[in-house]
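> Below: one structure in structure tokens.
In the working numbering, the protein residues as written are -15 to 77.
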């Protein structure tokens, strides 16, 4: 996956941002007593958006470099497409 190597810095930044958001959510919930549900929901939405952005970046690179590769046979391209479809089905559950 050369696209993940070339975009490693960007991908790691996204992952670290997600980690920070998840840590903030954990701290918010651990605070307990006066838990503001609105803040919890907002943090969950932010995490979901960040994960979606990460997925979109990796998926775009995969489609461009693997599925659309000019040197693939029809069978190889079909296998690549099936892999992406399986991942998307899991992701969208």
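Here a beta-carbon is modelled for each residue, glycine too, at the ideal position from N, C-alpha and C. Please read all numbers here as calculations on a predicted model, not as lab measurements.
Grab me the residues of residue 35's own chain with a C-beta within less than 7 Å of its C-beta, minus the 5 sequence neighbours each way, in chain order.
If we look at residue 35 and ignore the five residues flanking it on each side, its Cβ neighbours are 2.
> Can you give me the start and stop residues for the alpha helix (DSSP H) that residue 45 sits inside?
Run containing residue 45: 21 to 46, per the alpha helix (DSSP H) assignment.
> Residue 49 by DSSP, collapsed to three states: which one?
If DSSP states are grouped into helix, strand and coil, residue 49 belongs with the helices.
> At a cut of 8 Å, does the stretch 21 to 28 reach the stretch 42 to 62 through at least three beta carbon pairs?
With a cut-off of 8 Å, the stretch 42 to 62 and the stretch 21 to 28 do not count as touching, because too few Cβ pairs lie within range.
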